[in-house]
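Residue numbers (the numbering used here): 3 to 68. Remarks on the structure that follows.
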Amino acid sequence: MTALSDNRLVKAFAELKAAGGKTLLPFVTAGYPDLETTTALLGEFERRGVRVCELGIPFSDPIADG
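Take a look at the structure:
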């Protein structure tokens with residue numbers, strides 16, 4: 003296997019594509035409004051079968067994001 007085929011994100015999307023499925027990829031800003039809420043939200047995502055989630059790290063200059 004190549005490094006790319008070992009990537010969990012690549013595998014998740016390949017499995018969805020093979021099954022003809024679609025997904026929603028939620029974005030969460032870490033620590034907003036607090037770490038407890040972030041932790042609870044990520045746990046709920048896992049319980050509900052979310053396979054991929056983007057976790058953003060807050061930065062003082064939002065123009066640097068992206």
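Quick reminder that beta carbons are idealized off the backbone N, C-alpha and C, glycines included.
Cα-Cα separation, Gly22 to Arg53: In this structure, the CA atom of Gly22 is about 15 angstroms from the CA atom of Arg53.
Thr25, enclosing beta strand (DSSP E) - first and last residue: No beta strand (DSSP E) contains Thr25, which DSSP labels as neither H nor E.
Bridge partners - Gly58, DSSP secondary structure assignment: Answer by DSSP bridge pairing, in chain order: Thr31.
Short Cβ contact (8 angstroms threshold) for Phe47 with Pro60: Not a contact, by the Cβ cut-off of 8 angstroms.
Which of helix, strand or coil DSSP assigns to Val52: The answer is coil: DSSP assigns Val52 none of H, G, I, E or B.
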